[in-house]
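*Asks:* Numbering (the UniProt record's numbering), first residue to last: 1 to 698.
Idealized CB from N, CA, C, for every residue including glycine.
Bear in mind that the values here come from a model prediction, so they are computed numbers and not experimental data.
Dumping the structure here so I can ask a few things about it.
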Amino acid sequence: MLRLPSHNQRFHLLLRNLSSFASKTTIFMTSKHFLPSPLLPQTLSPKHFSTPTKRLLPSLSSKPIPKNHSFSLRTNGFCSLPSPSVSSPSPAYSQDLEDQPSDTRSLQILNHKLKQLGIDITECVAGRENRLKCPSCNGGESGELSLSLFISLDGYSASWLCFRAKCGWKGYTKAAADGKPSIENLGRVNKVKVTRQITVESLQLEPLCNQLTAYFAERMISSETLKRNAIMQKRSGDEIAIAFTYWRNGELVNCKYRDIEKDTEKILYGLDDIEDASDIIIVEGEMDKLAMEEAGFRNCVSVPDGAPPSVSKKEVPAEEQDTKYQYLWNCKEYFKKASRIILATDGDLPGQALAEELARRLGRERCWRVKWPKKNDVDHFKDANEVLMYLGPSVLKDVIDNAELYPIRGLFNFSSFFDEIDQYYHRTLGYEFGVSTGWRALDDLYNVVPGELTIVTGVPNSGKSEWIDALLCNLNEGVGWKFALCSMENKVRDHARKLLEKSIKKPFFGVGYGSNVERMSVEELEKGKKWLSDTFQLIRCENDSLPSIQWVLELARAAVLRHGVQGLVIDPYNELDHQRPVSQTETEYVSQMLTKIKRFAQHHSCHVWFVAHPRQLHHWIGAPPNLYDISGSAHFINKCDNGIVIHRNRDPDAGPVDLVQVCVRKVRNKVVGNIGDAFLSYDRVTGVYNDIDESQKK
1 MLRLPSHNQR FHLLLRNLSS FASKTTIFMT SKHFLPSPLL PQTLSPKHFS
51 TPTKRLLPSL SSKPIPKNHS FSLRTNGFCS LPSPSVSSPS PAYSQDLEDQ
101 PSDTRSLQIL NHKLKQLGID ITECVAGREN RLKCPSCNGG ESGELSLSLF
151 ISLDGYSASW LCFRAKCGWK GYTKAAADGK PSIENLGRVN KVKVTRQITV
201 ESLQLEPLCN QLTAYFAERM ISSETLKRNA IMQKRSGDEI AIAFTYWRNG
251 ELVNCKYRDI EKDTEKILYG LDDIEDASDI IIVEGEMDKL AMEEAGFRNC
301 VSVPDGAPPS VSKKEVPAEE QDTKYQYLWN CKEYFKKASR IILATDGDLP
351 GQALAEELAR RLGRERCWRV KWPKKNDVDH FKDANEVLMY LGPSVLKDVI
401 DNAELYPIRG LFNFSSFFDE IDQYYHRTLG YEFGVSTGWR ALDDLYNVVP
451 GELTIVTGVP NSGKSEWIDA LLCNLNEGVG WKFALCSMEN KVRDHARKLL
501 EKSIKKPFFG VGYGSNVERM SVEELEKGKK WLSDTFQLIR CENDSLPSIQ
551 WVLELARAAV LRHGVQGLVI DPYNELDHQR PVSQTETEYV SQMLTKIKRF
601 AQHHSCHVWF VAHPRQLHHW IGAPPNLYDI SGSAHFINKC DNGIVIHRNR
651 DPDAGPVDLV QVCVRKVRNK VVGNIGDAFL SYDRVTGVYN DIDESQKK
């Protein structure tokens with residue numbers, strides 16, 4: 001049963017009442033409430049506690065205690081009152097309980113409610129902090145006593161908090177007869193802000209016994225390392241706890257028995273070892289810090305609170321609000337001279353999250369990270385102590401010596417891309433030389449590479465959109481690519497007709513332009529409709545507003561992820577919404593827009609064709625325009641990977657009117673093309689472009 005401080009005679013009445021109904025209940029009291037027994041000497045030495053029991057007589061009792069109720073002194077220094085003749089009470093609140101004094105009744109109700117939550121208060125003391133195993137997390141892998149339980153002196157209420165970072169279970173309950181256990185936010189409880197001063201003597205610490213020294217030896221931690229790091233122990237009844245002492249400038253600041261002493265300042269474990277150090281190693285646990293010393297690294301500290309379950313999505317809070325990582329701010333002076341900080345946290349997800357949180361606060365530019373060796377084909381060793389135990393100190397030293405620069409988003413080294421460079425050299429990536437357009441005349445000039453941007457321009461009615469549609473059909477037929485179409489000048493039915501005619505190579509209608517050629521059959525139409533559905537995704541804005549480039553790219557991204565499209569057509573530029581801030585020029589806007597398109601193409605390995613009309617050409621005599629004639633900005637040619645002008649002859653006296661000139665005016669990657677002109681023949685009935693003989697070009 002709960003141990004109560006016996007400074008108040010009221011509790012003796014409580015104990016007497018409890019003994020009348022509690023079966024085998026143990027009541028603990030301090031020895032000052034007993035008269036010295038003739039069976040014991042006046043002064044007790046440790047040897048007197050080695051015997052199982054010593055009989056004592058109570059000095060403060062309101063009435064004589066029966067002879068069969070004797071007190072026995074246990075090895076932990078407390079006395080117990082057995083009641084073998086009374087049966088155990090049922091979990092429900094019985095009539096006997098209702099007849100008890102209010103102190104007794106409240107204590108029993110509180111005991112019952114805490115048991116419902118899995119909290120056993122048999123060995124607890126009211127009015128002070130008690131350490132128990134948390135029923136929510138069971139103390140983690142080590143089974144530590146991580147639950148801090150406080151019971152009020154009157155036994156009317158209890159509050160608790162698990163100090164494990166991965167658990168944090170907390171709650172509060174009262175001994176209300178008709179109430180239920182409640183788990184509430186304890187933020188309303190006033191926190192003690194006064195830092196408690198502690199010493200080895202006040203904590204009653206003592207040197208490690210042989211049993212614990214052997215425990216560390218099994219983990220490859222020598223006795224010399226234990227002594228230098230002041231690893232001690234503390235007895236609590238029949239149990240012994242390992243005490244990791246936290247020192248700063250030779251002064252004891254904190255002590256951890258798998259948990260931190262309450263109301264003490266949080267600092268890093270081993271702090272004095274990194275004073276004036278230029279290289280600092282940070283690990284996740286005290287055992288890992290000791291393991292590092294066995295490998296020859298004394299410039300190592302351990303975090304006191306373990307790892308978070310994941311990286312916070314919020315910005316790093318201000319120093320006074322960063323309570324979870326307050327130990328870093330308390331030790332910030334020790335990191336000012338450090339030029340290299342090696343983050344050797346655990347290899348699991350929480351350990352990686354801890355490394356990221358530390359790097360966010362210490363500065364990624366001076367952080368390094370370790371790669372733990374492989375345990376087998378699947379798993380890696382978890383931490384420094386595990387590597388020391390199974391592979392030895394030399395391997396652990398190699399792990400630290402081979403630490404890598406902590407990654408900074410946007411900053412890379414070529415070594416990170418060596419695998420990709422090798423694949424490019426051996427042509428195992430695919431499309432190293434691009435994909436053929438399907439026209440021999442263009443093979444040496446223009447090939448399609450995933451992740452690039454091609455700007456296509458030409459005077460009105462020169463066939464820019466028709467040529468792109470024909471190119472898409474060739475790419476689908478040649479390598480099976482799929483495409484997203486944002487064609488704002490075409491009705492869906494007209495665009496479908498053009499694509500079907502190019503694929504089936506027959507006219508959609510049998511009159512007018514197609515009166516002299518066999519029309520596609522119903523069967524061919526049905527087959528073509530399935531091909532359309534499998535090959536193309538449409539991006540269309542069905543309301544009155546104009547689509548923005550951001551809106552188009554978001555839908556294109558969905559098409560890439562959902563349908564696996566490898567190409568995007570945006571046709572044309574002037575059909576997009578180009579609203580921009582008053583302070584932004586059109587040139588700045590176009591530059592920003594093209595940057596967004598290029599990033600989309602590169603990130604999703606998707607080729608983008610962007611159609612842009614030239615500005616009004618004065619005194620035009622029929623020659624092809626150039627890329628600098630595009631309306632809006634010179635950035636169209638400056639930022640694109642490839643620039644193409646589509647032009648066709650309109651003068652019968654100058655040559656065939658079905659002759660189409662494809663002017664390749666820019667190719668950024670010399671591996672896939674070159675600047676030059678190619679000529680194709682356009683079949684107006686089917687919309688198909690064909691290679692032509694040299695004689696037809698003249």
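Take S339 and list the residues in its own chain whose beta-carbon comes closer than 7 Å to its own, dropping the five residues that flank it on each side.
*Replies:* Translated into the one-based positions of the sequence shown, residue 339 becomes position 339. Correct list, in chain order: S278, R366.
*Asks:* Cα-Cα, which of V664, C134, F509 is closest to G458?
*Replies:* Translated into positions along the sequence shown, residue 458 becomes position 458. G458 has its Cα closest to that of V664, out of V664, C134, F509.
*Asks:* Kindly provide the ranges of any beta strand (DSSP E) runs that are 3 or more residues long and lie completely inside the segment 127-182, ordered along the chain.
*Replies:* Listed in chain order, they are 129-132, 147-151, 157-162, 170-174.
*Asks:* Is there contact between the segment 469-486 and the segment 612-630, where contact requires at least three CB pairs shorter than 8 Å?
*Replies:* At 8 Å Cβ cutoff, the stretches do not touch.
*Asks:* Quick one: give me the first and last residue of the alpha helix (DSSP H) that G478 is part of.
*Replies:* The residue given as residue 478 occupies position 478 in the sequence shown. G478 -> alpha helix (DSSP H) spans 464-479.
*Asks:* Considering only residues of the same chain and omitting the five flanking positions on each side of N574, which have a CB-CB separation below 7 Å?
*Replies:* Along the sequence shown, one-based indexing puts residue 574 at 574. Here the set comprises H613.
*Asks:* For L396, tell me which candidate among G296, I282, W169, E129 has the shortest Cα-Cα distance.
*Replies:* In the sequence shown, the residue the question calls residue 396 occupies position 396. Closest by alpha carbon: G296.
*Asks:* Return the bridge partner residues of D677 from the DSSP annotation.
*Replies:* Counting from one through the sequence shown, the residue named residue 677 turns up at place 677. Partner(s): C663.
*Asks:* Classify V552 as buried or exposed, calling it buried when 16 or more other Cβ atoms lie within 10 Å of its own Cβ.
*Replies:* What you label residue 552 is simply residue 552 of the sequence shown in a count that begins at 1. V552 comes out buried.
*Asks:* Could you tell me if S533 is buried or exposed, where buried requires 16 or more neighbouring beta carbons within 10 angstroms of its beta carbon?
*Replies:* Position 533 of the sequence shown holds residue 533. Classification of S533: exposed, given that the 10 Å Cβ count is below 16.
*Asks:* To the nearest angstrom, how far is it from the Cα of residue 754 to the Cα of F433?
*Replies:* A query on residue 754 cannot be resolved here, the shown segment of the chain reaching from 1 to 698 and no further.
*Asks:* Which two residues bound the contiguous alpha helix (DSSP H) that contains L500?
*Replies:* Counted from its first residue, the sequence shown places residue 500 at position 500. 492-504 is the extent of the alpha helix (DSSP H) around L500.
*Asks:* Which residue marks the beginning of the alpha helix (DSSP H) containing L553, and which one marks its end?
*Replies:* Counting from one through the sequence shown, the residue named residue 553 turns up at place 553. Counting along the chain, the alpha helix (DSSP H) containing L553 begins and ends at 549-563.
*Asks:* Taking only runs of the beta strand (DSSP E) that begin and end inside the segment 247-271, which ones reach a length of at least 3 residues, in chain order?
*Replies:* Qualifying beta strand (DSSP E) stretches, in chain order: 251-256.
*Asks:* Just to confirm, are I342 and W368 a CB contact at a threshold of 8 Å?
*Replies:* Sequence index remark: in the sequence shown, residue 342 carries index 342 (1-based). Sequence index remark: in the sequence shown, residue 368 carries index 368 (1-based). In this structure, W368 lies closer than 8 Å to I342 by Cβ.
*Asks:* Can you give the Cα-Cα distance for K520 and E526, rounded to whole angstroms?
*Replies:* Taking the sequence shown and counting its residues from 1, one reaches residue 520 at position 520. Taking the sequence shown and counting its residues from 1, one reaches residue 526 at position 526. Here the sequence assigns Met to residue 520, which means Lys is not the residue at that position. Roughly 10 Å between the two C-alpha positions.
*Asks:* Does I400 pass the burial test, meaning 16 or more other C-beta atoms within 10 Å, or should it be called exposed?
*Replies:* Counting from one through the sequence shown, the residue named residue 400 turns up at place 400. Buried.
*Asks:* Measuring only the C-alpha atoms, how far is P84 from V303?
*Replies:* The sequence position of residue 84 within the sequence shown is 84, counting from 1. The sequence position of residue 303 within the sequence shown is 303, counting from 1. At P84, the pLDDT of 36 sits below 50, so the modelled position is not reliable; the number obtained from the coordinates is stated separately. Each residue's alpha carbon lies about 49 Å from the other.
*Asks:* Quick one: any contact between the segment 317-335 and the segment 380-390, if contact means 3 or more CB pairs under 8 Å?
*Replies:* Because the criterion of three Cβ pairs below 8 Å is not met, the segment 317-335 and the segment 380-390 do not touch.
*Asks:* According to DSSP, simplified to helix, strand and coil, what is H69?
*Replies:* Within the sequence shown, the letter at position 69 stands for residue 69. Because H69 sits at a pLDDT of 36, beneath the cut-off of 50, its placement in the model cannot be relied upon, and the point is left open.
*Asks:* In this structure, what does DSSP give as the bridge partners for G655?
*Replies:* Here the question's residue 655 lines up with position 655 in the sequence shown. Note: G655 sits in no beta bridge, so no partner.
*Asks:* Just to confirm before moving on: does the CB-CB distance between L252 and L226 stay below 8 Å?
*Replies:* The sequence position of residue 252 within the sequence shown is 252, counting from 1. The sequence position of residue 226 within the sequence shown is 226, counting from 1. No, they are not a contact pair.
*Asks:* Give me, in chain order, the residues of the same chain whose beta-carbon lies closer than 7 Å to that of E501; leave out the 5 immediate sequence neighbours on both sides.
*Replies:* Taking the sequence shown and counting its residues from 1, the one referred to as residue 501 is at position 501. Result list for E501: P507, F508, T686, G687, in chain order.
*Asks:* How would you label Q423, buried or exposed, when you count the other beta carbons within 10 angstroms and need 16 or more for buried?
*Replies:* Your numbering for residue 423 matches position 423 in the sequence shown. Result: exposed.
*Asks:* Residue 778 by DSSP, collapsed to three states: which one?
*Replies:* Given a span of 1 to 698 for the chain in the structure shown, any question on residue 778 remains unanswerable.
*Asks:* Check E206 in the structure and name its three-state DSSP category.
*Replies:* Here residue 206 refers to the residue found at position 206 when the sequence shown is read from its first residue. It is a strand residue.
*Asks:* Can you name, in chain order, every residue of its own chain whose Cβ lies under 8 Å from the Cβ of K337, other than the five neighbours on each side?
*Replies:* Position 337 of the sequence shown, counting from 1, holds the residue named residue 337. These residues qualify, in order along the chain: D276, A277, S278.
*Asks:* Near L442, what residues of its chain come up, given a Cβ to Cβ distance below 7 Å and the 5 sequence neighbours on each side ignored?
*Replies:* Numbered from its first residue, the sequence shown carries residue 442 at position 442. Cβ within range, chain order: V662, A678.
*Asks:* From the DSSP output, in three-state form, read off N376 for me.
*Replies:* Mapped onto the sequence shown, residue 376 falls at position 376. Coil at N376, not helix or strand.
*Asks:* When the Cα atoms are used, what is the spatial distance from E201 to A243?
*Replies:* If you number the sequence shown from 1, residue 201 lands on position 201. If you number the sequence shown from 1, residue 243 lands on position 243. E201 and A243: Cα-Cα distance of roughly 13 Å.
*Asks:* Give the range of the beta strand (DSSP E) segment to which Y689 is assigned.
*Replies:* The sequence position of residue 689 within the sequence shown is 689, counting from 1. Run containing Y689: 688-691, per the beta strand (DSSP E) assignment.
*Asks:* Measuring alpha carbon to alpha carbon, tell me which residue in I198, M593, V565, A353 is nearest F483.
*Replies:* By one-based count along the sequence shown, residue 483 stands at place 483. Residue V565 is the option with its Cα nearest to F483.
*Asks:* With D571 and C486 assumed to form a contact (beta carbons below 8 Å), what rounded beta-carbon distance in angstroms separates them?
*Replies:* Along the sequence shown, read from residue 1 onward, the residue named residue 571 stands at position 571. Along the sequence shown, read from residue 1 onward, the residue named residue 486 stands at position 486. Between C486 and D571 the Cβ distance is about 7 Å, and since that is below 8 Å, they are a contact.
*Asks:* Between H607 and V560, which are expected to be in contact by the criterion C-beta below 8 Å, what is the C-beta distance as a whole number of angstroms?
*Replies:* In the sequence shown, the residue the question calls residue 607 occupies position 607. In the sequence shown, the residue the question calls residue 560 occupies position 560. Wrong, their Cβ atoms sit about 11 Å apart, outside the cutoff.
*Asks:* Nearest-angstrom Cα distance between E293 and C300?
*Replies:* To locate residue 293, count along the sequence shown from 1; it is residue 293. To locate residue 300, count along the sequence shown from 1; it is residue 300. Rounded to whole angstroms, E293 to C300 spans 8 Å at the Cα level.
*Asks:* Okay, do the segment 307-325 and the segment 348-362 touch, 3+ Cβ pairs below 8 Å being the bar?
*Replies:* Result yes; three or more Cβ-Cβ pairs closer than 8 Å.
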